[in-house]
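Keeping their order, the protein sequence lines are chains U and B.
Under our numbering, residues 5 to 452 are what the first sequence spells out, in order.
Under our numbering, residues 820 to 1155 are what the second sequence spells out, in order.
All C-beta atoms, glycine included, are put in the ideal place defined by N, C-alpha and C.
Note that the structure is predicted; figures quoted are calculated from it, not measured.
Only one structure is covered here, and it is reproduced in the block below.
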Amino acid sequence: MGLKILTEHINVPGIETLEVYRKHGGYRSVEKALKTMTPEEVVEEVKTSGLRGRGGAGFPAGMKWSFLAKPEGVPRYLVCNADESEPGTFKDRVFMEKNPHALIEGMITSSYALGAHTSYIYIRGELLFILRILEKAIAEAYAAGLLGKNILGSGYDLDLHVAPGGGAYICGEETALLESLEGKRGNPRNKPPFPAVKGLFASPTVVNNVETIASVPWIVNNTGAEYAKIGIGRSTGTKLISASGNINRPGVYEIELGVPVEEFIYSDEYCGGIWKGKELKAVVPGGSSVPILPKDLILKTAAGEQRLMTYESLSDGGFVSGSMLGSGAFIVFDEDQCIVRNTWNYARFYHHESCGQCSPCREGTGWMEKVLHRIEYGHGHQQDIDLLVSVAKQIEGNTICPLGDAAAWPVASAIRHFREEFEWHIKHPQEATAPGAVYRGQLAAALA
Amino acid sequence: MGSRLCIKNEMAKITFDGIEVEVEDGTTILQAARKIGGDVVPPAMCFYTPLKGSGGKCRVCLVKVTQGSARDPRPMPKLVASCITPVQDGMVVENTTNEEVLNARKGIVEMLLINHPLDCPICDQAGECDLQNLSYEHGVSAIRYEEERRTFNKVDLGPYIQLHMTRCILCYRCVYTADQITEKRVHGVLGRGDAAEIGTYIENVIDNDFSGNVIDVCPVGALTDKTWRFKNRVWFTKPMDAHRDCPTCSGKVTLWTRGDQVLRVTARKDEYAEVEEFICNTCRFDKKEVSDWTIEGPRHIDRGSVISANHYELPVVNVPIVPNLPKSTVKKMPQE
C-alpha cells in the first residue's frame, strides 16, 4: 500500500462532518500556518514540495503562486477549479463528495499564503449535490470560527463562497472560469494578461485544481521537503487517478507518482487487470484530451524503458510515441473496443463543448466530428484520414485556449497509432458497421 | 499623434518582416505593422481599432515571433495573434516571410469558409467584404469540406437591419459596438461552438440612434442595411464624402451614389475598413436625397477589392484643382 495523503480518511464514516474531520487531525494546517508561519513561508514550503498543478497542465503550483502580482490596495483572489468535466475524470468529485472539509482546509491555508480574503470554489453545474455538501461544510467551518473574521484569533479574515457553473466544459479553462464566475459568458480570455496579474474582477488571481489545493495542508503539516521525497524526480507527491474502462476495478486511486503503468493496470491493488481476462488494446492515460497510446507504447517507452505514472515518463517520446499524465483520467480499452468509434465519440464531445469564440476550434471540431461520423458509419473515403490529420494540425496551437489542442490531439494520435484500423473501416464499410465489429489485425500482429 | 508627442512614452523598436519600425511601447504587433503599411500588414477579421476589447478571435492575423524581445530573445512557442500581442523592444516578427504563418493562415481561412454559404453573387457585402478579400489573398481554391453547411433562418432586427446568421463569422464586432457606442445592447452571442449565433434571444428590435453602426463594422454580409439591400452592386456606385449639420453625430459620411440618387450612406472607412467616426441612424437611413448633404468630393477607397478598381476619381495632378480637397481623395503616386 502506498502512502495516502488525500484519501487517508476518505472512507471514515462521518468524515464529512467537522467533528469527525477534526478528530482525524483536520484543520491542523490552518492552526499551524495562521499561527506560526508567514504567508511567504507557506508559499516557500509549497515551492520546495515540487507540487505540480493537478488539473492537467502540471505547472508547478508554488511557482504559479509566486507569480501572483501584489499591488497595494487591490484584493487578491484564490479560485478553486472544481469544474471537473473532462471525459474520464471523476477524482475531484469523489474527493469533494466524501471529504469536503479537506478542500476547505486547503482553501484556508492556500488563501492565507496568497493573501486572499475572498476565495471561491467554482463547481461544475452538474455537481449540485456536492455544492450542497460543500455549503454545509462551509457553514460548519464558519460556526467553528475557521472561516469569517479573525480566524482562530489570528487576525486573518477569509470568506469562502461556492459558485456553480452552468455545465460547460470550457469553463474549466481558467480564464473562461473567471469570466463565468464574474457572471459573463464563459469565453476564454486572451492572454496576456494572465490571471496572476489580471484575473477575477481584474484583480490578481490564482486558479488551482481541487487536488492541488487539497495537497497543501499535508505540505504545511509535514513540510515541503517531506512531500518532495514522495515520487520520482520532478513528479513529486501523490496523485488521484480516475481509472475507468475495461478493467476489473474501476475507481479513484491515490498513487505515489512513479508506480509503473503495468503495475497500475494489472495489480490487484489498483485496476486489477483487464476485464474478463481480455487483451489490453490501448490506454488514454490522462483524460480524453491527451494522446491515446497502444499497448506496446503505454507499457514501455519507444526506447524500451518501463513507463511509469509520472509527468515525465508518460510524456516521454513527445507526441510521436508518448502522451501526458494530464488530469489523471486513466481510460483503458480492451481488444473489443473500436478506436474509430471512440475517436468519433471524443470528437463529438469537443464539437459540443467548443465555445465558438475562435474560428479554428469552432469550425474544425465540427468538421472532424462529421468526418469521423462518416467513417464510423461506413461512408468514409481513404483521403479522409489525411484530411483529419490536416484539420487537426490546422486547429492545434492556433486557438485562444487549449481546447483546440485538446480536440486535435486525440484525433491525431488515434490516426498515428491506429491508422490501419481507420483504413479497414473505410475499406470494409459493411463489416465495420456490423454490431460489435472490431478490427483485430493490428493487435494480432502486435501480439504475434 | 500631435498631442500625444508631449507625453514621453517609451518607444520600442521592432523588426517586422525584416523592416524596422519604432512604435510606442504597448502598441500591438498589428498596429506596428500597419505603421509600415502595404503588403506586410496581417489581415484582421475581428479586430477593430475603435472597439475596445475586440480581437484575438478570428486568428487570421497570426504571426511568428522569432525573438521575444531584446532582453529575452527566445522565440514565442506558438504563433501569436498580432492584434492583441503587445510589442516589446527588440522583438522580431515574421509574417509574409514565414511559411508556417502562411500555412496556418490558409488553414484558418479554410475554416472560416467551410460553413460560409459563399453566396457572394447575391450578397450585398460582395465587393467590400473582408472575407472575400481574405479568401482571394490567402485562401485555397479547392474545397475539402463535403459535409452539410450550417444554416440559419434570417432574423429581422427591426426596420433597418437584416441579420443573416449563415454568413456570420462570429467576430463579435457588432456586440462590442452595441456595448460601447449605444446605451443598451439587446443582442449578443447565444449558444456555443458552431451553433453559436448572434441574436436577441427573444425576438427583439435593435432600436437606438446608433444601431446602424453594427452594419458598418460587420466584416461580412451578416448584418445588412435594409434600405440598401438588393438596390445595386457596390462597385457600380460612386463613393462621395459628404457632411451635414447633424445634432446627434458628426454628420461626416460617405454617400454611395448612382447618378443623382443616394443609394446608401455609410460612415467613412479607412484602408482597413475601420470607421473614422460612427454615424447616427438619421444620417444613415433617412437622408437619402442629395439635397440633404454638402458634397465634399469623391472618396478614394484604398482597399484591395473591386470597389477600389475603376471607380470615379479625380485625375492625378500636381496642382489641386479644387482647393482644400479632403485628404482621402488625393491619389498616391505608385512608387518607382
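Would you mind stating whether residue i and residue j have Cβ atoms separated by less than 9 angstroms?
i, j, result
"residue 88(U)", "residue 166(U)", "no"
"residue 871(B)", "residue 964(B)", "no"
"residue 921(B)", "residue 980(B)", "no"
"residue 155(U)", "residue 38(U)", "yes"
"residue 423(U)", "residue 243(U)", "no"
"residue 163(U)", "residue 151(U)", "yes"
"residue 1099(B)", "residue 1037(B)", "no"
"residue 1046(B)", "residue 1028(B)", "no"
"residue 256(U)", "residue 133(U)", "no"
"residue 862(B)", "residue 848(B)", "no"
"residue 49(U)", "residue 210(U)", "no"
"residue 52(U)", "residue 231(U)", "yes"
"residue 293(U)", "residue 411(U)", "yes"
Can you tell which of the options has its C-alpha closest to the C-alpha of residue i?
i, options, result
"residue 274(U)", "24(U), 98(U), 258(U), 284(U)", "258(U)"
"residue 1013(B)", "1044(B), 985(B), 881(B)", "985(B)"
"residue 877(B)", "894(B), 857(B), 887(B), 899(B)", "899(B)"
"residue 17(U)", "102(U), 200(U), 248(U), 126(U)", "102(U)"
"residue 866(B)", "850(B), 935(B), 1020(B)", "850(B)"
"residue 47(U)", "67(U), 353(U), 358(U), 112(U)", "67(U)"
"residue 266(U)", "229(U), 109(U), 305(U)", "305(U)"
"residue 420(U)", "282(U), 141(U), 323(U)", "323(U)"
"residue 113(U)", "96(U), 93(U), 42(U)", "42(U)"
"residue 296(U)", "74(U), 44(U), 92(U)", "92(U)"
"residue 286(U)", "75(U), 425(U), 263(U)", "425(U)"
"residue 1121(B)", "858(B), 834(B), 983(B)", "858(B)"
"residue 217(U)", "106(U), 339(U), 398(U), 396(U)", "106(U)"
"residue 168(U)", "109(U), 98(U), 84(U)", "84(U)"
"residue 1044(B)", "1095(B), 1090(B), 978(B)", "978(B)"
"residue 347(U)", "401(U), 429(U), 238(U)", "429(U)"
"residue 1031(B)", "1072(B), 841(B), 1011(B)", "1072(B)"
"residue 1040(B)", "952(B), 914(B), 958(B)", "952(B)"
"residue 840(B)", "873(B), 880(B), 909(B), 998(B)", "909(B)"
"residue 1095(B)", "907(B), 891(B), 852(B), 869(B)", "869(B)"
"residue 905(B)", "874(B), 879(B), 924(B), 927(B)", "874(B)"
Taking buried to mean at least 16 other C-beta atoms within 10 Å of its own C-beta, is residue i buried or exposed?
i, result
"residue 329(U)", "buried"
"residue 437(U)", "exposed"
"residue 118(U)", "buried"
"residue 960(B)", "exposed"
"residue 896(B)", "exposed"
"residue 1129(B)", "The predicted model places residue 1129(B) with a pLDDT of 49, which falls under 50 and marks its position as unreliable, so this point remains unresolved."
"residue 409(U)", "buried"
"residue 941(B)", "exposed"
"residue 350(U)", "buried"
"residue 830(B)", "exposed"
"residue 63(U)", "exposed"
"residue 153(U)", "exposed"
"residue 991(B)", "buried"
"residue 833(B)", "buried"
"residue 1137(B)", "For residue 1137(B), the predicted model reports a pLDDT of 49, less than 50, meaning its position is unreliable; a value from the coordinates is still stated below. Exposed is the call here."
"residue 370(U)", "buried"
"residue 196(U)", "exposed"
"residue 23(U)", "exposed"
"residue 27(U)", "exposed"
"residue 1081(B)", "buried"
"residue 1017(B)", "buried"
"residue 970(B)", "exposed"
Runs of beta strand (DSSP E) lying entirely within the segment 839–908 of chain B, each at least 3 residues, in chain order | For the segment 839–908 of chain B, the full-length beta strand (DSSP E) segments reaching 3 residues or more read 881–886 along the chain.
Going along the chain, which unbroken runs of the alpha helix (DSSP H) with 4 or more residues stay wholly within the segment 950–1012 of chain B?
-> Contiguous alpha helix (DSSP H) elements confined to the segment 950–1012 of chain B occur at 992–1000, taking only those with 4 or more residues.
List in chain order: all unbroken beta strand (DSSP E) runs of 3+ residues lying wholly within the segment 42–82 of chain U.
-> Runs found: none.
For the 8 angstroms Cβ check, are there 3 or more pairs between the segment 410–428 of chain U and the segment 392–400 of chain U?
-> Flag = yes, the segment 410–428 of chain U and the segment 392–400 of chain U touch.
Do three or more CB pairs link the segment 177–191 of chain U to the segment 25–42 of chain U at distances below 8 angstroms?
-> Contact fails: fewer than three Cβ-Cβ distances are below 8 angstroms.
With a cut-off of 8 angstroms, do at least 3 Cβ pairs link the segment 321–337 of chain U to the segment 238–252 of chain U?
-> The segment 321–337 of chain U makes contact with the segment 238–252 of chain U: 3 or more CB pairs, one atom from each, lie closer than 8 angstroms.
Please determine if the segment 7–21 of chain U and the segment 198–206 of chain U are in contact, where contact requires at least 3 C-beta pairs separated by less than 8 angstroms.
-> Verdict: no, contact absent.
Along the chain, which unbroken stretches of the beta strand (DSSP E) at least 3 residues long are found entirely within the segment 159–234 of chain U?
-> The segment 159–234 of chain U contains these whole beta strand (DSSP E) runs: 163–168, 209–213.
Going along the chain, which unbroken runs of the beta strand (DSSP E) with 3 or more residues stay wholly within the segment 1023–1078 of chain B?
-> Restricting attention to beta strand (DSSP E) runs no shorter than 3 residues, the segment 1023–1078 of chain B encloses them at 1042–1044, 1057–1062, 1071–1077, ordered along the chain.
Is the segment 1111–1119 of chain B touching the segment 1055–1064 of chain B, taking contact as three or more C-beta pairs under 8 angstroms?
-> Yes, they touch.
Give a yes or no on contact between the segment 302–322 of chain U and the segment 365–379 of chain U, applying the rule of three or more CB pairs nearer than 8 angstroms.
-> In short, these stretches do not touch, since the Cβ pair count stays below three.
Every unbroken beta strand (DSSP E) within the segment 228–316 of chain U, with a cutoff of 3 residues, ordered by chain = Counting only runs that start and end inside the segment 228–316 of chain U, the beta strand (DSSP E) elements of at least 3 residues fall at 242–249, 255–260, 284–288.
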